[in-house]
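Engineer:
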Amino acid sequence: MEALVYKKLKHKQVKCQVCPHYCLIDKDHRGVCQIRYNHHGKLIVENYERVIATHIDPIEKKPLYHFLPKTKVYSLASVGCNMRCPWCQNYQISQISSKRQLNKGSIIKPKDHIDFVKQQGIPSIAYTYTEPTMYVEYALEVMKLAHQEKINNIWVSNGFTSIETLELILPYIDAANIDYKGNESVYKSYCLGHEAEVLNTIKKMKDHNIHIEITTLLIPGINSDYEMIDEMIDNIISVAGNDIVWHISRFFPAYKEQNREITAYDDMVHAKKRAHEKGLKHVYLGNV
Numbered sequence: 050m051e052a053l054v055y056k057k058l059k060h061k062q063v064k065c066q067v068c069p070h071y072c073l074i075d076k077d078h079r080g081v082c083q084i085r086y087n088h089h090g091k092l093i094v095e096n097y098e099r100v101i102a103t104h105i106d107p108i109e110k111k112p113l114y115h116f117l118p119k120t121k122v123y124s125l126a127s128v129g130c131n132m133r134c135p136w137c138q139n140y141q142i143s144q145i146s147s148k149r150q151l152n153k154g155s156i157i158k159p160k161d162h163i164d165f166v167k168q169q170g171i172p173s174i175a176y177t178y179t180e181p182t183m184y185v186e187y188a189l190e191v192m193k194l195a196h197q198e199k200i201n202n203i204w205v206s207n208g209f210t211s212i213e214t215l216e217l218i219l220p221y222i223d224a225a226n227i228d229y230k231g232n233e234s235v236y237k238s239y240c241l242g243h244e245a246e247v248l249n250t251i252k253k254m255k256d257h258n259i260h261i262e263i264t265t266l267l268i269p270g271i272n273s274d275y276e277m278i279d280e281m282i283d284n285i286i287s288v289a290g291n292d293i294v295w296h297i298s299r300f301f302p303a304y305k306e307q308n309r310e311i312t313a314y315d316d317m318v319h320a321k322k323r324a325h326e327k328g329l330k331h332v333y334l335g336n337v
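Just so we're aligned, residue 50 is where the sequence shown starts under my numbering, counting upward by one.
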């Protein structure tokens with residue numbers, strides 16, 4: 050499928066606008082995500098309609114604690130991500146290094162998801178497990194159908210999303226969980242992203258009255274020092290207010306960070322305590 054947001058440039062080069070990388074892609078080359086391919090001056094999305102995972106989850110697993118609690122959510126994903134976090138728990142389906150990986154999964158039409166959810170009596174669909182911005186064309190089709198049927202759309206994302214993409218999806222999102230990883234040094238050193246863009250996504254969603262909850266994986270030696278914890282709390286309150294829900298999740302060794310220690314429970318308790326002291330009202334510890 051042709052990408053929804055990009056610009057055609059001279060010499061069959063294109064500028065992808067799906068995320069803040071804004072990749073300039075030469076003919077017969079791919080963007081950072083490896084999902085979007087310049088086919089003779091036309092940007093093609095190569096994971097369209099190809100679903101790598103579906104599952105019925107408790108909504109608390111997203112995690113969302115203050116949106117339709119104790120209900121089920123139908124989760125779906127296609128391959129791909131625009132970040133390169135070395136601790137990714139779903140790296141097998143998020144980190145794409147070859148065209149062969151793009152062919153994984155099953156072809157599922159958008160309406161098939163809706164029919165299944167209605168049959169099961171499930172109130173929500175979550176775009177999750179990988180980065181939904183990377184399959185926004187497909188997700189958007191499902192979301193539009195879902196809204197027609199009064200089914201909620203839940204966006205579980207790293208938040209590294211362009212303004213152009215946000216303009217497309219915001220009218221159809223009912224709730225979101227955004228992963229906030231740390232300050233700019235964390236994004237620059239480890240994730241191939243930028244903190245300001247993630248905070249902007251949170252603010253834009255808040256401004257559109259979307260229910261938002263934020264998750265931070267607290268990682269020893271990366272974002273667990275007390276000064277950074279205070280900085281993250283201040284930034285969360287600045288863009289989303291003190292009513293926002295913050296989930297502090299415990300790190301366990303994964304992917305390229307197999308030798309890093311598990312987050313100390315005392316550090317998690319400290320982060321929660323500081324959040325409360327600074328005015329955040331809803332703070333939860335996860336994976337403890």
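From the three backbone atoms N, C-alpha and C, an ideal C-beta is built for every residue, glycine too.
(1) With a CB to CB cut of under 6 angstroms and the five nearest residues on each side skipped, what residues in its chain are close to K305?
(2) Could you have a look at L194 and say whether DSSP puts it in helix, strand or coil?
(3) Give the DSSP-derived three-state secondary structure of K111 in the structure shown.
(4) Mind checking who T179 pairs with in its DSSP beta bridge?
(5) Excluding sequence positions up to five away, which residues of its chain have a Cβ less than 7 angstroms from the Cβ of K321?
(6) Can you give me the C-alpha to C-alpha distance between E180 and G170, rounded to a whole angstrom?
(7) Indicate the three-state DSSP secondary structure (helix, strand or coil) for C68 in the structure shown.
(8) For my contact list, I203 and I174 are in at a C-beta cut-off of 8 angstroms; report their separation, rounded to the angstrom.
(9) Alpha carbon to alpha carbon, how far is L151 from Q62? Give it in angstroms, no decimals.
(10) Can you list the beta strand (DSSP E) stretches of 3 or more residues lying completely in the segment 183 to 265, in chain order?
(11) By Cβ distance, which residues of its chain are closer than 6 angstroms to V288, with the 5 residues on each side in sequence left out?
(12) Would S146 be called buried (16 or more neighbouring beta carbons within 10 Å of its own) or exposed?
(13) State the Cα-Cα distance for the pair E310 and P302, rounded to the nearest angstrom.
(14) When you compare each of K110, S124, Y86 to P118 by their alpha carbons, which one comes out closest?
(15) The beta strand (DSSP E) with K321 in it runs from where to where?
(16) Can you name, in chain order, every residue of its own chain whose Cβ lies under 6 angstroms from the Cβ of C72, other than the five neighbours on each side?
(17) Keeping to the same chain, check which residues put their C-beta closer than 7 angstroms to that of H78; ignore five residues upstream and five downstream.
(18) Helix, strand or coil for V166? Go by DSSP, reduced to three states.
(19) For Y275, count neighbouring Cβ atoms within 10 angstroms of its own Cβ and tell me buried if that reaches 16, exposed if not.
(20) Look up I282 in the DSSP assignment and say whether it is helix, strand or coil.
(21) Quick check on DSSP: helix, strand or coil for Y275?
(22) Say whether the segment 216 to 234 touches the segment 189 to 204, bearing in mind that this needs 3 or more beta-carbon pairs closer than 8 angstroms, one atom from each stretch.
(23) Can you tell which of L215, L266, L53, N284 has the C-alpha that lies nearest to the C-alpha of A225?
(24) Does the Cβ-Cβ distance between V318 and I271 come in under 8 angstroms?
(25) Does L58 come out as helix, strand or coil in the three-state DSSP assignment?
(26) Determine, using beta carbons only, whether V67 and T177 come nearer to each other than 8 angstroms.
(27) Express the C-alpha separation of Q168 and H162 in angstroms, rounding to a whole number.
Structural biologist: In brief:
(1) P135
(2) helix
(3) coil
(4) In DSSP, T179 forms no bridge with anything.
(5) I297, V332, L334
(6) 26 angstroms
(7) coil
(8) 7 angstroms
(9) 22 angstroms
(10) 201 to 206, 224 to 228
(11) L248, I251, K252
(12) exposed
(13) 7 angstroms
(14) K110
(15) No beta strand (DSSP E) contains K321, which is instead part of the alpha helix (DSSP H) from 314 to 327.
(16) C65, G80, V81
(17) N87
(18) helix
(19) exposed
(20) helix
(21) helix
(22) yes
(23) L215
(24) no
(25) coil
(26) no
(27) 10 angstroms
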